[in-house]
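Accompanying notes for the structure given below.
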Amino acid sequence: MPYSSDPMSTLPADDAPAHQPSTDTASTHKVPDAGAYPPVLLAEKLSKQVTSGERSLNILHDLSLSVAAGESVAILGKSGAGKSTLLGLLAGLDTPSDGELTLFGQPLSRLDEDGRAALRAGRVGFVFQNFQLLPTLSALENVLLPLELSPRAGEDHVAAQWLERVGLGERTGHLPKQLSGGEQQRVAIARAFVTDPELVFADEPTGNLDPDTGAQIIDLLFTLNREAGTTLILVTHDHALARRCDRCLRLANGKLEPFEPVSANGGGNE
Ligand SMILES: Nc1ncnc2c1ncn2[C@@H]1O[C@H](COP(=O)(O)OP(=O)(O)OP(=O)(O)O)[C@@H](O)[C@H]1O
Ligand SMILES: [Mg+2]
Numbered sequence: 000m001p002y003s004s005d006p007m008s009t010l011p012a013d014d015a016p017a018h019q020p021s022t023d024t025a026s027t028h029k030v031p032d033a034g035a036y037p038p039v040l041l042a043e044k045l046s047k048q049v050t051s052g053e054r055s056l057n058i059l060h061d062l063s064l065s066v067a068a069g070e071s072v073a074i075l076g077k078s079g080a081g082k083s084t085l086l087g088l089l090a091g092l093d094t095p096s097d098g099e100l101t102l103f104g105q106p107l108s109r110l111d112e113d114g115r116a117a118l119r120a121g122r123v124g125f126v127f128q129n130f131q132l133l134p135t136l137s138a139l140e141n142v143l144l145p146l147e148l149s150p151r152a153g154e155d156h157v158a159a160q161w162l163e164r165v166g167l168g169e170r171t172g173h174l175p176k177q178l179s180g181g182e183q184q185r186v187a188i189a190r191a192f193v194t195d196p197e198l199v200f201a202d203e204p205t206g207n208l209d210p211d212t213g214a215q216i217i218d219l220l221f222t223l224n225r226e227a228g229t230t231l232i233l234v235t236h237d238h239a240l241a242r243r244c245d246r247c248l249r250l251a252n253g254k255l256e257p258f259e260p261v262s263a264n265g266g267g268n269e
């Protein structure tokens, strides 16, 4: 896939070197030639505070991260550490209390909600921890929705192909409530990938799947990462999944730090 002359494009060139695992810091990375391309995502000193009743809660504090095109990044951390909050911010679904997020070279603080949605359309896929499928739409209609809002509108057959790819070719007419948790998760994954996005965020994408189905879905994610250059940012508790990513980070005390997942025979969950 040739590197586009469009400065906003972040797809790597055919001859771009393969990504190597690295153990660098959260704010810099050593993907070969990373400096040759602008980062797909640049987070600078992001903070997120929320108020809960009388109390103010600092979920993220001065957090910085740069992700290169084609990279795969795992984010681990304890329950409640702020991983889902961070993913929402990095995807531009939520706004930081402080700091700047630049996606595809565009500082998001300069865009309103519609502008952020337009920037994401077709280029960013998101698999929510709780799926967020629309309850009145069938599996197929849920997957069609982002396609219709993207430049690929009209290519409806792609939605059915995606449901086949995640093993749900027989369930296209089912409503979310007629699907198991794992089936809903796979619809959510099909929905995230249907527009052939450059950047995919997935919040515990195999959390509801049995080991075999989970392994198939993960293989699919990494095949797309390798073959289509899709940048992956995954939240997971699964060290085996984290080990397959170019880079692993742990969210703790509102910041990201480098993290080494335990080895294959060591088991382990974060
Ligand atoms: N809008 C909000 N108002 C108040 N508290 C919030 C809000 N959003 C998140 N929180 C709190 O912030 C913390 C981080 O939540 P978040 O969902 O990001 O954690 P997480 O790391 O994804 O956890 P898990 O692994 O359980 O999914 C939690 O303590 C949560 O209760
Ligand atoms: Mg979460």
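Take 0 as the starting number for the sequence shown in numbering that gives the first Met the number 0 and just add one per residue. A virtual CB, placed ideally from N, CA and C, is assigned to each residue, including glycine.
Residue i, enclosing alpha helix (DSSP H) - first and last residue
i    : result
D113 : E112 to R119
Q177 : Segment: none, Q177 is in no alpha helix (DSSP H) and carries neither H nor E.
S71  : That residue, S71, is in no alpha helix (DSSP H); its beta strand (DSSP E) goes S71 to L75.
V285 : Missing from the structure shown is residue 285; the chain here goes from 0 to 269 and no further.
S83  : K82 to L89
T229 : Looking at the DSSP string, T229 is not in any alpha helix (DSSP H), and its letter there is neither H nor E.
beta-carbon residue i near ligand 2 non-hydrogen atom, thresh 7 Å
i    : result
D237 : no
T202 : Residue 202 is actually Asp in this sequence, not Thr. Because some heavy atom of ligand 2 lies under 7 Å away, the Cβ of D202 counts as near it: yes.
Q128 : yes
For residue i, the residue or residues it bridges with in DSSP
i    : result
E256 : R249
D202 : V234
V123 : L198
V283 : A query on residue 283 cannot be resolved here, the shown segment of the chain reaching from 0 to 269 and no further.
R54  : S51
Q105 : L102
L132 : Looking at the DSSP assignment, L132 forms no beta bridge with any residue, so it has no partner.
L59  : K47
Cβ-heavy atom distance, residue i to ligand 1, below 7 Å
i    : result
G79  : yes
S51  : yes
I216 : no
T84  : yes
G76  : yes
I232 : no
L248 : no
L56  : yes
C-alpha gap between residue i and residue j, whole angstroms
i    : j    : result
V186 : T50  : 33 Å
S137 : E169 : 12 Å
V66  : L167 : 32 Å
A15  : T135 : Unreliable positioning characterises A15 in this predicted model, as indicated by a pLDDT of 36, which lies under 50. The coordinate reading is nonetheless provided below. One C-alpha to the other measures close to 44 Å.
E259 : L233 : 15 Å
L255 : E154 : 39 Å
Q105 : E70  : 19 Å
D113 : S96  : 19 Å
L10  : P38  : Low local confidence applies: a pLDDT of 27 at L10 is under 50, so the model's placement there is unreliable, and no value is given.
T84  : G228 : 25 Å
A80  : E147 : 35 Å
Start and end residues, beta strand (DSSP E) containing residue i
i    : result
A42  : L40 to S51
L102 : D97 to L102
*asked:* Across the region 91-102 and the region 203-214, are there enough close Cβ pairs to call them in contact, namely three or more that are closer than 8 Å?
replied: no
_Could you check whether the region 121-132 touches the region 188-198, counting it as contact only if at least three pairs of C-beta atoms, one from each stretch, sit closer than 8 Å?_
yes
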